[in-house]
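Peer 1: Chains as they are written, first to last, in this note's numbering: chain X, 6 to 280; chain U, 6 to 280; chain Y, 6 to 280; chain B, 6 to 280; chain E, 6 to 280.
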Amino acid sequence: MLPIDDSPIVRDGKSVILAMDHGLEHGPVDFEDVPEKLDPAQVFETATHDAVTAIAVQKGIAEGYYPSYENDVNLLVKLNGTSNLWMGEPDSAVNCSVEYAAEIGADAVGFTVYGGSNHEIEMVEEFREIQEEAREYGLPVVMWSYPRGQGLKNDTKPSTISYATRLALELGADIAKVKYPGSREAMAHACRCAGDMKVVMSGGSKTSDEEFLSTVESTIRSGGSGLAVGRNVWQREDPTPLLDGLESVIYEEQTAGAALGNESEADATDAAIEG
Amino acid sequence: MLPIDDSPIVRDGKSVILAMDHGLEHGPVDFEDVPEKLDPAQVFETATHDAVTAIAVQKGIAEGYYPSYENDVNLLVKLNGTSNLWMGEPDSAVNCSVEYAAEIGADAVGFTVYGGSNHEIEMVEEFREIQEEAREYGLPVVMWSYPRGQGLKNDTKPSTISYATRLALELGADIAKVKYPGSREAMAHACRCAGDMKVVMSGGSKTSDEEFLSTVESTIRSGGSGLAVGRNVWQREDPTPLLDGLESVIYEEQTAGAALGNESEADATDAAIEG
Amino acid sequence: MLPIDDSPIVRDGKSVILAMDHGLEHGPVDFEDVPEKLDPAQVFETATHDAVTAIAVQKGIAEGYYPSYENDVNLLVKLNGTSNLWMGEPDSAVNCSVEYAAEIGADAVGFTVYGGSNHEIEMVEEFREIQEEAREYGLPVVMWSYPRGQGLKNDTKPSTISYATRLALELGADIAKVKYPGSREAMAHACRCAGDMKVVMSGGSKTSDEEFLSTVESTIRSGGSGLAVGRNVWQREDPTPLLDGLESVIYEEQTAGAALGNESEADATDAAIEG
Amino acid sequence: MLPIDDSPIVRDGKSVILAMDHGLEHGPVDFEDVPEKLDPAQVFETATHDAVTAIAVQKGIAEGYYPSYENDVNLLVKLNGTSNLWMGEPDSAVNCSVEYAAEIGADAVGFTVYGGSNHEIEMVEEFREIQEEAREYGLPVVMWSYPRGQGLKNDTKPSTISYATRLALELGADIAKVKYPGSREAMAHACRCAGDMKVVMSGGSKTSDEEFLSTVESTIRSGGSGLAVGRNVWQREDPTPLLDGLESVIYEEQTAGAALGNESEADATDAAIEG
Amino acid sequence: MLPIDDSPIVRDGKSVILAMDHGLEHGPVDFEDVPEKLDPAQVFETATHDAVTAIAVQKGIAEGYYPSYENDVNLLVKLNGTSNLWMGEPDSAVNCSVEYAAEIGADAVGFTVYGGSNHEIEMVEEFREIQEEAREYGLPVVMWSYPRGQGLKNDTKPSTISYATRLALELGADIAKVKYPGSREAMAHACRCAGDMKVVMSGGSKTSDEEFLSTVESTIRSGGSGLAVGRNVWQREDPTPLLDGLESVIYEEQTAGAALGNESEADATDAAIEG
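Right, here's the structure in full:
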């Protein structure tokens, strides 16, 4: 962890990373309901929204589409990933070097570590290399810290997510991307485990505006620094209203209810999430 | 993916790659009916046809025969491959470096990735290295994107081929070579998944002129950019008529029927394929 | 082993290393009773006590917190470690390079070797690389010498701990950190096996002041050179009294009883430990 | 494959490689009947015969004995090998680098590839490295192309040997050393599969002069370029008459019968072999 | 193998290597009866005897103790080794680089190869690297050639030891250290298999002066060049008489009996050994 408040991927101490690596990780099936989003240009367009501090994509998409958006979008190159055609113990191929990411204009790099996997040792050693090389290029490192593997059935339980943020801190990440552990209290503990390192919530599969913004609000109030979101944004035909809402909740620290214009429902939603 | 329309292996935005690595991948058995084609010079002769934008061979053949054809043929060096004497989980040996390929005159390089294989991680990491090194040499990279391995029985079903093209895009290929997924609709989806990256159809085992050209036409009409073909060309005693047909279908965007001089049958054939 | 009496991590030939890598090795659970210690700054504060010759942390914590303490604390960067989410044969990921440790100001480096593990070969080879690189940077190397793995049930029996110190000597460590083998006689043998190399006792899980200081006294009287301690210090709400006691026992070679102000109990305690 | 007719290991387009790596591959047992040949100097003496274009030995023997013969013998350093004390799936240790082989005066290098073995991938990748490095030093590469391993019971059947020569061609060998596939017709096919690359027959275990020379004659008439022979030469107390015979059959293209002075038997022998 | 008669570890063509790596290989248990020898300085003292041409120790011991003896002792750094806490298929960790051995003053390096182990391939490849690097530094290489592993039950039978010396010769060792194969005839064969390379006998576990010197005499008369001895020397309280005896037997080529002052018993002892 180094101070990164001056990084372009941070705005007022917060980050909203628009992720679109699903074509690699999940395959085209994630685009079934919004086939036009198979065109990466459309997602880059979305990333020009002021709420978004960076777009997270794989090397090939960065090479092909970032040049047209380099003035309007900050680029986070995800350095590893795996198809879900492969079904072994969780692991991820390092498919881009830090040097090449820097060359194509990255403002930050991302890397998945599956703590608890039989490949933890190897992934952490790969992380060491990319983290230290990223330091040379002055690029912040975001760890997708996703405990997973033999013996880790429920990977969102509070102790797992707290371990996930701590792992990221100890190993030298600048931001940890973790799943929401189910309650504001658990998220707050996970953020405390991270010390001064930033924690962003992982967006997960598509839910309603209310549910999603409430979870984000809960993350922010727990000490989180924003979110990395994919499907909840680009699987919407028009993501603008949700992005406007995220801007209010994250940077202006409004309640989800206020951001959606129905203040009165906010507490009820919170209670439901924390229950 | 980088813009490659100015590459010598592209003509009017299209590519026809004549592949002859079967001696390594399948063994001499593929030459049983045309033993004279065991002489690589004969296949290089065929590659001088205007329809062909590159010949794809392994290092040893490139070393020995390309010097006599360097003015008439564009060279794509395939950088990995495996004999079928070996019967393990799909994998492929990296048998030529990018540096050496460049030294012997390559205009492009090719690399197989078996997505879904237990060796996917390793192959993708090898691909990273060759892709980034190819960038330094300014050589386009063609990915033989062939999902295969544990749990992937039918490797030409539409969702598999769409995943194959997307994988190639995300990982940074310039052209993806994939199998025909059985229908024009499926091929069109596979091409959409590839964004702006070029997709070429894999020729497969020898069929009739009609069936072959119709499939090629279908690929072109689906947004494909040509084909990589081996046996359907050099297993013919005289490949010229078929190459003439390919030239019409691919560069002039004629129907297969028109290219074969029997326009009336074209729609019927299309229907059969798409059925 | 090289002479290291002039190293900042040694005071009068002795060392007290305050270790705080538990967030990685054990997870946040070790901080359950003292949640405020999840903030690494609090443990760095503790490390400013004169008794402490170095703080041992992982790279990420060193990056984030050492800059505020570089004038008051000596830094030992632990170069490998593993989460306990992972449950395979003992192994440890090399998560920091010697070069990077030096760059962020390390005064020494630490490395775990699990002798007897199925990964012994690999870990010893990693140790070779870090040890030789540490020599180039003039950094002392502390080996966490922890025999563990298939067939090693009781990893604190006297012969195991004696083997542990000898391994560290033969492989080129400057200090071996080993578990207390249960008796003063066994500890003395372990120290003899180490030749002129320094041996420090591993603190282990939290016990009473009396028990802990008596074990430390026993180590010092056996020829040991101090201790590496974590939970027994920072799991205490106010660690100062214990650190004062350690200072007396280790540098002034007082008895544990004298250090605690109840001299008369000292012999009884010793007897209990050695029994 | 590069043109190598000007290489010192080729004479009039042909090669006779005297191999003596049996001490490593088979152990001293191969020298049981000729214990004086345990002295490598004796085999180097034999290699001074005009019929021999190179001696093939391992690094240690080359280091120790070649300096006394560098004016009279051409040196081929075999770069990998394995003892038969080891009994796993066919593999071979790379025991000499190309750079070192060049430094000790090699005129060519040799490398075994077990196509079809579970180690094929790894061996082919090792071959890539040595082949490309050999190109930098201008050293021809001889591949011991020996399909072997899981599922490859009879490793001299015609289709296996034809695959073996083709593999060598595709992977960039300059000469393939293969076993005799049992008939002149099969050997001719194997040579056709090799394109312009040279194929030499592997000598195998000791047989009579008649049988051996007839097989060699058959190889030459099939388009082969000579042989690599060990036991059939140095297991003879006086190898000179056989070497004289090989000179006649290989360079002067005489029949085996003529070379042995009993012309009339030649056709009968041929028939027997081809039967 | 290179000529090494001018090396400091050779005296009149012979070598006596005092080995003390038992603390790593066997653990402190080997010092049970002579605990004072746990102090490496004591063994270095012993190595100052004129009979000893080199002391063989691991890196850590060399670092710590050789500086005090560099004028009186020649240093052989053993570059690999493994604890017997680990119980897998025979293997050995490379725990010191050639470069570092040279830096700390080594006159020679040593390396174990377990021919026949499932790790033979890997160990031979490691040997290649250290052997070639040792050539650059002008350091002789001693191979501990110890066939061992799956299927190798009796690792001192004559054919195994002969294979062991041959392996060392073919792979480029300058001296092979092998176990005594049980008879003078077998040792003589093992030496013949080594060509011009030197063979030294491995001392093994402690025996009587008579038995030990007789075996050494047998080795010398068989063409051996000395011995590498550990326990038989330093497990004796006063090793000087035995070292005097070794000096007589090895450099002056006296009989064991004469060396011990009881000439008449010599032949009988010989007969017993060879029986």
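Even glycine gets a Cβ: it sits at the ideal position worked out from N, Cα and C.
These figures come from a predicted structure and were not determined experimentally.
Could you tell me the alpha carbon to alpha carbon distance between residue 161/E and residue 195/E, rounded to whole angstroms?
Peer 2: As a first step, residue 161/E is located in the fifth sequence; it is residue number 156 there, counting from the start. As a first step, residue 195/E is located in the fifth sequence; it is residue number 190 there, counting from the start. Residue 161/E and residue 195/E: Cα-Cα distance of roughly 11 Å.
Peer 1: Threshold first: 4 residues or longer. Then list the alpha helix (DSSP H) segments lying entirely within the segment 183-255 of chain B, N to C.
Peer 2: 189-198, 214-226, 236-239, 245-255
Peer 1: Taking Cβ positions, are residue 135/U and residue 183/U nearer each other than 8 Å?
Peer 2: Taking the first residue of the second sequence as position 1, residue 135/U is located at position 130. Taking the first residue of the second sequence as position 1, residue 183/U is located at position 178. Contact flag unset, no.
Peer 1: Let me confirm a value: residue 143/Y is counted as buried when at least 16 other C-beta atoms fall within 10 Å, else exposed. Which label applies?
Peer 2: Counting from one through the third sequence, the residue named residue 143/Y turns up at place 138. By the neighbour-count rule (16 or more Cβ atoms within 10 Å), residue 143/Y is not buried but exposed.
Peer 1: Strictly below 8 Å CB to CB, what residues from chain E border residue 168/Y?
Peer 2: Taking the first residue of the third sequence as position 1, residue 168/Y is located at position 163. Chain E residues near residue 168/Y: 32, 33, 88, 90.
Peer 1: What number of angstroms, rounded off, separates the C-alpha of residue 44/U from the C-alpha of residue 77/U?
Peer 2: For the purposes of this step, residue 44/U is taken as residue 39 along the second sequence, with counting starting at 1. For the purposes of this step, residue 77/U is taken as residue 72 along the second sequence, with counting starting at 1. If I take the Cα positions, the gap works out to 18 Å.
Peer 1: Along chain Y, in chain order, which residues have C-beta atoms closer than 9 Å to that of residue 319/X?
Peer 2: Nothing can be reported for residue 319/X, as the shown portion of chain X is limited to 6 through 280.
Peer 1: Check distances from the C-beta atoms of the segment 44-61 of chain U to those of chain B and list, in chain order, the residues that come in under 9 Å.
Peer 2: 44, 45, 46
Peer 1: What is the rounded straight-line gap between the Cα of residue 168/U and the Cα of residue 79/U?
Peer 2: Taking the first residue of the second sequence as 1, we reach residue 168/U at position 163. Taking the first residue of the second sequence as 1, we reach residue 79/U at position 74. Rounded to whole angstroms, residue 168/U to residue 79/U spans 29 Å at the Cα level.
Peer 1: Please give me, in chain order, every unbroken run of the alpha helix (DSSP H) with length at least 4 that falls completely inside the segment 20-44 of chain U.
Peer 2: 27-30
Peer 1: What residues in its chain sit with their C-beta under 8 Å from that of residue 17/E, if we drop five residues either side in the sequence?
Peer 2: The residue you call residue 17/E lines up with position 12 of the fifth sequence. If we look at residue 17/E and ignore the five residues flanking it on each side, its Cβ neighbours are 256.
Peer 1: Using a C-beta to C-beta distance shorter than 9 Å, which residues of chain U count as neighbours of residue 198/X?
Peer 2: Taking the first sequence and counting its residues from 1, one reaches residue 198/X at position 193. Within 9 Å Cβ-Cβ: nothing; residue 198/X doesn't reach chain U, min ~30 Å.
Peer 1: Considering only their Cβ atoms, is the gap separating residue 107/Y from residue 59/Y smaller than 8 Å?
Peer 2: Translated into positions along the third sequence, residue 59/Y becomes position 54. Translated into positions along the third sequence, residue 107/Y becomes position 102. Not a contact, by the Cβ cut-off of 8 Å.
Peer 1: Determine the contact status of residue 123/E and residue 129/Y, defining contact as a CB-CB distance below 8 Å.
Peer 2: By one-based count along the fifth sequence, residue 123/E stands at place 118. By one-based count along the third sequence, residue 129/Y stands at place 124. No, the Cβ-Cβ distance between residue 123/E and residue 129/Y is not below 8 Å.
Peer 1: Do residue 203/B and residue 237/B have their beta-carbon atoms positioned less than 8 Å apart in this structure?
Peer 2: As a first step, residue 237/B must be located in the fourth sequence, where it is residue number 232. As a first step, residue 203/B must be located in the fourth sequence, where it is residue number 198. No, they are not a contact pair.
Peer 1: What residue range is occupied by the uninterrupted beta strand (DSSP E) comprising residue 14/U?
Peer 2: The residue labelled residue 14/U in the question sits at position 9 within the second sequence. From DSSP, residue 14/U is part of no beta strand (DSSP E); its letter is neither H nor E.
Peer 1: With DSSP run on the structure shown, which of helix, strand or coil describes residue 83/B?
Peer 2: For the purposes of this step, residue 83/B is taken as the residue at position 78 of the fourth sequence. Strand, per DSSP.
Peer 1: Using beta carbons (cut-off 8 Å, strictly below), is residue 65/U in contact with chain B?
Peer 2: Translated into positions along the second sequence, residue 65/U becomes position 60. It does; some Cβ of chain B falls within 8 Å.
Peer 1: Could you tell me if the beta carbon of residue 99/X falls within a distance shorter than 7 Å of some heavy atom in the ligand ZN?
Peer 2: Summarising the ligand content, the structure contains no ligands, and the ligand ZN is consequently not present.
Peer 1: With DSSP run on the structure shown, which of helix, strand or coil describes residue 92/E?
Peer 2: Taking the fifth sequence and counting its residues from 1, one reaches residue 92/E at position 87. Of the three classes helix, strand and coil, the one that applies to residue 92/E here is coil, per DSSP.
Peer 1: Classify residue 161/E as helix, strand or coil using the three-state DSSP reduction.
Peer 2: Taking the first residue of the fifth sequence as position 1, residue 161/E is located at position 156. Looking at residue 161/E - three-state DSSP - the assignment turns out to be coil, as it is neither helix nor strand.
Peer 1: With a threshold of 16 other CB atoms inside 10 Å of the CB of residue 53/B, please say whether the residue is buried or exposed.
Peer 2: By 1-based counting over the fourth sequence, the position of residue 53/B is 48. Flag for residue 53/B reads exposed.
Peer 1: If you draw a straight line from the alpha carbon of residue 96/U to that of residue 88/E, how long is it in whole angstroms?
Peer 2: Taking the second sequence and counting its residues from 1, one reaches residue 96/U at position 91. Taking the fifth sequence and counting its residues from 1, one reaches residue 88/E at position 83. Rounded to whole angstroms, residue 96/U to residue 88/E spans 36 Å at the Cα level.
Peer 1: Would you say residue 175/X and residue 66/Y are within 8 Å of each other, going by their C-beta atoms?
Peer 2: Numbered from 1 along the first sequence, position 170 holds the residue referred to as residue 175/X. Numbered from 1 along the third sequence, position 61 holds the residue referred to as residue 66/Y. Annotated as proximal: residue 175/X and residue 66/Y, with beta-carbon spacing under 8 Å.
Peer 1: Going by the CB atoms, is the gap between residue 121/Y and residue 83/Y shorter than 8 Å?
Peer 2: As a first step, residue 83/Y must be located in the third sequence, where it is residue number 78. As a first step, residue 121/Y must be located in the third sequence, where it is residue number 116. Contact flag unset, no.
Peer 1: Mind reading off the beta-carbon distance from residue 180/B to residue 145/B? Whole number of angstroms is fine, and I expect it under 8 Å.
Peer 2: Residue mapping note: residue 180/B aligns to position 175 of the fourth sequence, counting from 1. Residue mapping note: residue 145/B aligns to position 140 of the fourth sequence, counting from 1. That pair is a contact at about 7 Å.
Peer 1: Strictly under 8 Å for the Cβ-Cβ distance: is residue 38/X near chain U by that measure?
Peer 2: Working through the first sequence from its first residue, we reach residue 38/X at position 33. Residue 38/X does not count as touching chain U.
Peer 1: In terms of alpha-carbon separation, which member of 206/X, 221/X, 228/X, 200/X lies closest to residue 28/Y?
Peer 2: Taking the third sequence and counting its residues from 1, one reaches residue 28/Y at position 23. Residue 28/Y has its Cα closest to that of 200/X, out of 206/X, 221/X, 228/X, 200/X.
Peer 1: Is the shortest distance between the beta-carbon of residue 102/Y and the beta-carbons of chain X less than 8 Å?
Peer 2: Here residue 102/Y refers to the residue found at position 97 of the third sequence. Contact of residue 102/Y with chain X is assigned, a C-beta pair being separated by under 8 Å.
Peer 1: Looking at residue 26/X: is its Cβ nearer than 8 Å to the Cβ of residue 62/X?
Peer 2: Numbered from 1 along the first sequence, position 21 holds the residue referred to as residue 26/X. Numbered from 1 along the first sequence, position 57 holds the residue referred to as residue 62/X. A contact, by the Cβ cut-off of 8 Å.
Peer 1: Give me the chain E residues within the contact set of residue 68/B, using Cβ-Cβ distance strictly less than 7 Å, ordered along the chain.
Peer 2: Within the fourth sequence, the letter at position 63 stands for residue 68/B. Residues of chain E passing the Cβ test: 6, 7, 177.
Peer 1: Please list the partners that residue 155/Y has in chain E, where partner means a Cβ-to-Cβ separation under 9 Å.
Peer 2: The residue given as residue 155/Y occupies position 150 in the third sequence. Going along chain E in sequence order, the residues near residue 155/Y (Cβ under 9 Å) are 91, 92, 93.
Peer 1: Identify which residue in 150/Y, 254/Y, 111/Y has its Cα closest to the Cα of residue 14/Y.
Peer 2: On the third sequence, residue 14/Y is found 9 positions in, with the first residue counted as 1. Of the listed residues, the one whose Cα sits closest to residue 14/Y is 111/Y.
Peer 1: Give the secondary structure of residue 262/Y by DSSP, where H, G and I count as helix, E and B as strand, and everything else as coil.
Peer 2: The sequence position of residue 262/Y within the third sequence is 257, counting from 1. The answer is helix: DSSP assigns residue 262/Y an H, G or I state.
Peer 1: Starting from the beta carbon of residue 112/U, find every residue of chain B whose beta carbon is closer than 9 Å, and list them in chain order.
Peer 2: For this step, residue 112/U is matched to residue 107 along the second sequence. Those within 9 Å of residue 112/U in chain B number zero; the least Cβ separation is about 19 Å.
Peer 1: I'd like the list of long-range same chain contacts for residue 258/E, defined as Cβ closer than 7 Å, with 5 residues on each side in sequence excluded.
Peer 2: Position 253 of the fifth sequence holds residue 258/E. Apart from sequence neighbours up to five positions away, the residues of its chain that approach residue 258/E with a beta-carbon distance below 7 Å are 225, ordered along the chain.
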